[in-house]
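Residue numbers (my numbering), protein chains in the order written: chain A, 1 to 65; chain B, 1 to 632. Backbone N, C-alpha and C define an ideal beta-carbon position, used for all residues, glycine too. All of these numbers come straight from a predicted model, not from anything done at the bench. Contents: one structure, followed by commentary.
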Amino acid sequence: MEIKVNSKSQSIPDDYTVSMLLYHMNYPKSSAVFINGRQILFREYDNYKLNEKDTVKIIRMLGGG
Amino acid sequence: MNLFPNARILEIDLSNRKIATRIIPGETYRLYPGGSALGVYLMLQDMKPGIDPLSPENMLVFSVSALTGLPISGISRLTVTAKSPLTGTIGDSQSGGFFPSHFKANGWDSVVFRGKAERPVYLYIDGDKVEIRDAQNLWGKVTGEAESIIREELGDKNIEIAQIGPAGENLVKFACIINMCNRANGRNGMGAVMGSKNLKAVVVKKAKAVKAYEQDKFHELAVSVKQRLEENSTVAGLGQYGTDGDLEGFHNEGFLPTKNWTTGYFPEGADKTTGTTMYETILKERDTCFACAVRCKRVVEVTGVVDPLYGGPEYETCATFGSYCGVTELETIALANQLCNMYGLDTISCGATIAFAMECYEKGLINDSDTFGLKLGFGNSNAVPILVEKIAKREDFGDLLAEGSFRAAQKIGKEAECLSISVKGQELPAHMPQYKPSVGLVYAVNPFGADHQSSEHDVFLVLPPDSRERQRLAQIGIWKGYDNPFELDDEKVRFALESQKYFSILDTLCLCQFVWGPSWELYGPDDLVDLCRYGIGWDTSLHELMLVGERRINMMRFFNAREGFDKRDDKLPDRLFEPFVEGPSKGVCLDKDMFESAKEAYYELAGWDKDSGNPRSSSLRRLSLGWLPDKN
Numbered sequence: 001m002e003i004k005v006n007s008k009s010q011s012i013p014d015d016y017t018v019s020m021l022l023y024h025m026n027y028p029k030s031s032a033v034f035i036n037g038r039q040i041l042f043r044e045y046d047n048y049k050l051n052e053k054d055t056v057k058i059i060r061m062l063g064g065g
Numbered sequence: 001m002n003l004f005p006n007a008r009i010l011e012i013d014l015s016n017r018k019i020a021t022r023i024i025p026g027e028t029y030r031l032y033p034g035g036s037a038l039g040v041y042l043m044l045q046d047m048k049p050g051i052d053p054l055s056p057e058n059m060l061v062f063s064v065s066a067l068t069g070l071p072i073s074g075i076s077r078l079t080v081t082a083k084s085p086l087t088g089t090i091g092d093s094q095s096g097g098f099f100p101s102h103f104k105a106n107g108w109d110s111v112v113f114r115g116k117a118e119r120p121v122y123l124y125i126d127g128d129k130v131e132i133r134d135a136q137n138l139w140g141k142v143t144g145e146a147e148s149i150i151r152e153e154l155g156d157k158n159i160e161i162a163q164i165g166p167a168g169e170n171l172v173k174f175a176c177i178i179n180m181c182n183r184a185n186g187r188n189g190m191g192a193v194m195g196s197k198n199l200k201a202v203v204v205k206k207a208k209a210v211k212a213y214e215q216d217k218f219h220e221l222a223v224s225v226k227q228r229l230e231e232n233s234t235v236a237g238l239g240q241y242g243t244d245g246d247l248e249g250f251h252n253e254g255f256l257p258t259k260n261w262t263t264g265y266f267p268e269g270a271d272k273t274t275g276t277t278m279y280e281t282i283l284k285e286r287d288t289c290f291a292c293a294v295r296c297k298r299v300v301e302v303t304g305v306v307d308p309l310y311g312g313p314e315y316e317t318c319a320t321f322g323s324y325c326g327v328t329e330l331e332t333i334a335l336a337n338q339l340c341n342m343y344g345l346d347t348i349s350c351g352a353t354i355a356f357a358m359e360c361y362e363k364g365l366i367n368d369s370d371t372f373g374l375k376l377g378f379g380n381s382n383a384v385p386i387l388v389e390k391i392a393k394r395e396d397f398g399d400l401l402a403e404g405s406f407r408a409a410q411k412i413g414k415e416a417e418c419l420s421i422s423v424k425g426q427e428l429p430a431h432m433p434q435y436k437p438s439v440g441l442v443y444a445v446n447p448f449g450a451d452h453q454s455s456e457h458d459v460f461l462v463l464p465p466d467s468r469e470r471q472r473l474a475q476i477g478i479w480k481g482y483d484n485p486f487e488l489d490d491e492k493v494r495f496a497l498e499s500q501k502y503f504s505i506l507d508t509l510c511l512c513q514f515v516w517g518p519s520w521e522l523y524g525p526d527d528l529v530d531l532c533r534y535g536i537g538w539d540t541s542l543h544e545l546m547l548v549g550e551r552r553i554n555m556m557r558f559f560n561a562r563e564g565f566d567k568r569d570d571k572l573p574d575r576l577f578e579p580f581v582e583g584p585s586k587g588v589c590l591d592k593d594m595f596e597s598a599k600e601a602y603y604e605l606a607g608w609d610k611d612s613g614n615p616r617s618s619s620l621r622r623l624s625l626g627w628l629p630d631k632n
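Here it is in structure tokens:
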């Protein structure tokens with residue numbers, strides 16, 4: 001199915017979770033994820049399944065140094 | 001109940017070669033329990049405003065804290081405080097390593113240097129045996145060489161050495177103090193102050209670790225680090241790839257300062273200079289500080305070019321000598337880092353000042369005659385190590401750059417002043433306020449110039465409310481989340497101020513922010529209270545600790561007010577308010593009106609005067625600083 005991740009189209013299999021998407025797109029687990037404007041809680045990442053045409057925003061944490 | 005320990009201060013009068021001990025009672029030490037809080041407290045007691053930072057009248061204070069020396073991760077930090085020759089404000093700088101813990105284990109909380117030695121000297125400390133020793137044979141030597149000579153002279157390998165290199169001797173305005181040949185009290189030119197006193201080094205004999213007050217509970221807290229590391233991928237990643245691990249990520253978002261901050265996009269070099277590339281290519285090993293399990297320090301080697309003795313570059317160094325200058329070769333960056341550690345230069349100000357010179361050259365504000373023939377365009381990697389050495393030695397064009405970009409710009413004139421990307425004369429570190437506006441706010445209002453380690457960064461407020469980061473921030477009263485990092489509303493300003501107070505605790509207690517910070521780090525605010533309790537029997541609270549942090553900031557701001565600084569000095573470079581013209585951040589800039597409103601809100605929340613931006617007497621009294629106005 002097709003979703004949008006940070007404004008770009010992305011094809012993913014059915015039953016894809018937020019954790020799988022982060023892994024697939026090489027984002028760290030500590031990224032922030034918003035789906036259709038709602039922020040997903042950390043504890044939901046493993047079980048939250050993405051749906052066709054979802055709009056996903058992923059923000060990496062870039063901190064100290 | 002345990003009484004707060006007294007502070008033992010070593011007083012060194014270099015002019016008269018006198019050594020004395022001073023005790024600060026526990027009830028006073030509790031208000032200023034180490035680091036730059038103790039340093040600025042001591043300076044405000046005795047130092048008059050208006051003195052030349054490089055004159056004998058300046059005080060130079062090395063401080064650790066009431067907690068230093070305990071065997072736990074992230075606790076071995078040294079703070080150096082003096083009036084800064086770079087900014088003219090209070091100067092403040094931290095470093096890690098083993099020196100801090102051994103200094104404390106010798107029974108000292110601080111050493112204060114006054115006056116100026118007639119000839120080069122170094123200080124040797126072995127418990128209560130303290131000697132001012134001749135250092136004429138060390139003068140002019142780079143750090144590695146000086147360290148070897150001192151070890152040979154003392155016939156002792158069990159020592160730790162904090163020293164200046166030739167840059168400090170030559171009074172380069174951003175000279176630093178180096179220990180282990182690779183740990184730097186980098187910022188604010190503390191090495192130049194040390195050089196102005198003819199003080200080459202401070203040498204401490206290694207001593208046994210300090211014992212905790214409640215041994216069992218302290219031990220439990222210390223060994224929990226293993227599990228904390230397993231559960232914290234951010235800190236584990238920091239350990240593996242170092243602070244440079246995120247460099248390419250910043251570029252991907254369009255916020256890696258590049259070509260003297262003209263863009264945030266570095267496609268030609270980000271992947272070549274990021275921490276994962278360093279890990280796969282020139283990294284020899286990971287190093288650590290006393291008792292620390294994180295092991296974030298890099299040790300790199302390039303055969304025949306870069307010696308592992310001098311460690312390896314941090315993120316800031318990779319950015320300032322890399323993307324700032326348009327340099328894409330990691331080996332050049334590693335060499336520049338080595339030269340800075342050999343000569344004793346702050347890598348941030350040094351790289352940023354070279355980037356400034358490169359832009360001046362490209363814009364025709366300086367030419368081959370000014371640079372003594374050096375072609376200085378962005379990306380000229382050959383020029384970088386040459387310039388680092390010339391700056392350290394104050395040779396030809398390096399003499400101008402040794403003043404830092406702000407003063408160099410004033411001398412170059414024309415349009416150069418707007419090309420110095422600095423606040424209060426100190427060059428900006430590699431975190432862009434366009435992406436992290438609250439960090440930009442703290443860059444502006446921070447008492448000792450632009451600093452990225454004086455508050456938490458905006459991005460952690462974007463994480464979900466059930467994240468460890470947000471849960472910990474809630475412990476210091478930060479409740480609001482955001483769906484992007486770019487906002488700077490009242491609650492974000494409060495986040496900046498409250499997290500600045502928290503980081504101020506860390507710079508007072510001399511704790512590493514990667515281990516003891518308020519959000520993503522290994523130990524959180526509640527753990528810090530436990531550390532104080534189990535470590536030294538300090539039955540404290542987060543409330544008291546936040547007051548300690550706030551007190552330090554207010555003392556520093558008061559120090560600056562005496563020197564004539566006010567809110568007019570709290571300004572960011574104009575370039576930050578101009579939209580990016582390329583890359584993923586194209587069109588993004590810091591909103592000027594939003595930023596100015598945030599600054600006003602900050603002064604109000606801090607209890608500072610809205611006209612001057614300096615602490616009101618009522619705010620000082622609330623922080624037990626009612627004695628300060630008498631020190632005007």
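C-beta atoms of residue i and residue j nearer than 7 Å
i                : j                : result
Leu590 (chain B) : Phe580 (chain B) : no
Ser299 (chain B) : Asp307 (chain B) : Contrary to the premise, residue 299 (chain B) reads as Val rather than Ser in this sequence. Not closer than 7 Å, so no.
Pro485 (chain B) : Val459 (chain B) : yes
Leu42 (chain A)  : Asp483 (chain B) : For the record, residue 42 (chain A) in the displayed sequence is Phe; it is not Leu. The answer is no: Cβ separation not under 7 Å.
Ser110 (chain B) : Ser63 (chain B)  : yes
Thr347 (chain B) : Ser405 (chain B) : no
Ala293 (chain B) : Val225 (chain B) : yes
Lys259 (chain B) : Gly326 (chain B) : yes
Tyr279 (chain B) : Tyr315 (chain B) : no
Glu362 (chain B) : Gly377 (chain B) : yes
Ile476 (chain B) : Tyr502 (chain B) : yes
Thr328 (chain B) : Gly269 (chain B) : yes
Leu256 (chain B) : Ser323 (chain B) : yes
Gly524 (chain B) : Arg472 (chain B) : yes
Cys181 (chain B) : Leu309 (chain B) : yes
Asn560 (chain B) : Thr89 (chain B)  : yes
Glu392 (chain B) : Asp490 (chain B) : The amino acid occupying residue 392 (chain B) in the given sequence is Ala; Glu does not appear at that position. No.
Exposure of residue i, with buried meaning 16 or more beta-carbon neighbours within 10 Å
i                : result
Ile23 (chain B)  : exposed
Arg17 (chain B)  : exposed
Phe372 (chain B) : exposed
Ser624 (chain B) : exposed
Ala146 (chain B) : buried
Gln39 (chain A)  : buried
Cys318 (chain B) : buried
CB-CB length for residue i against residue j, believed under 8 Å
i                : j                : result
Val442 (chain B) : Ala496 (chain B) : 6 Å
Gly351 (chain B) : Ala336 (chain B) : 7 Å
Val305 (chain B) : Cys340 (chain B) : In fact, because the Cβ distance is near 15 Å, the residues do not count as touching under 8 Å.
Pro447 (chain B) : Met556 (chain B) : 4 Å
Val203 (chain B) : Ile161 (chain B) : 5 Å
Nonlocal neighbours in the same chain, by C-beta distance under 8 Å from residue i, ignoring five residues either side
i                : result
Gly140 (chain B) : Pro166, Glu169
Asp156 (chain B) : Lys205
Ser71 (chain A)  : Residue 71 (chain A) is absent from the model: chain A starts at 1 and stops at 65.
Arg407 (chain B) : Lys173, Gly425
Residue i CB to nearest heavy atom of the ligand HEM below 6 Å
i                : result
Ser405 (chain B) : The ligand HEM is not part of the structure shown, which contains no ligands of any sort.
Contact set for residue i: own chain, Cβ-Cβ below 7 Å, skip 5 residues either direction
i                : result
Ala222 (chain B) : Pro71, Ile72
Ala192 (chain B) : Leu54, Pro85, Gly168, Leu171, Val172, Lys173, Ala175
Lys208 (chain B) : Ala105
Arg494 (chain B) : Leu605
Asn6 (chain A)   : Lys57, Ile58
Sequence-distant residues of its chain with Cβ nearer than 6 Å to residue i (five each side left out)
i                : result
Gly115 (chain B) : Asp13, Leu14, Ser15, Pro56
Asp46 (chain B)  : none
Ala7 (chain B)   : Ile24, Tyr29, Asp109
Glu403 (chain B) : Lys173
Met546 (chain B) : Lys501
Ile421 (chain B) : Trp261, Leu428, Pro573
- Continuous alpha helix (DSSP H) assignments of at least 4 residues falling wholly in the stretch 201 to 238 of chain B: 215 to 223, 225 to 231
- Task: Kindly provide the ranges of any beta strand (DSSP E) runs that are 3 or more residues long and lie completely inside the stretch 529 to 556 of chain B, ordered along the chain.
- Result: none
- What alpha helix (DSSP H) runs, 4 residues minimum, are completely inside the stretch 80 to 106 of chain B? 99 to 105
- Can you list, in chain order, the stretches of the alpha helix (DSSP H) that have 4 or more residues and sit fully within the stretch 313 to 358 of chain B? 315 to 321, 330 to 343
- Return the chain-ordered ranges of every alpha helix (DSSP H) run that is complete within the stretch 362 to 441 of chain B and spans a minimum of 4 residues. Within the stretch 362 to 441 of chain B, the runs of alpha helix (DSSP H) at least 4 residues long that lie entirely inside it are, in chain order, 383 to 393, 396 to 401, 404 to 412.
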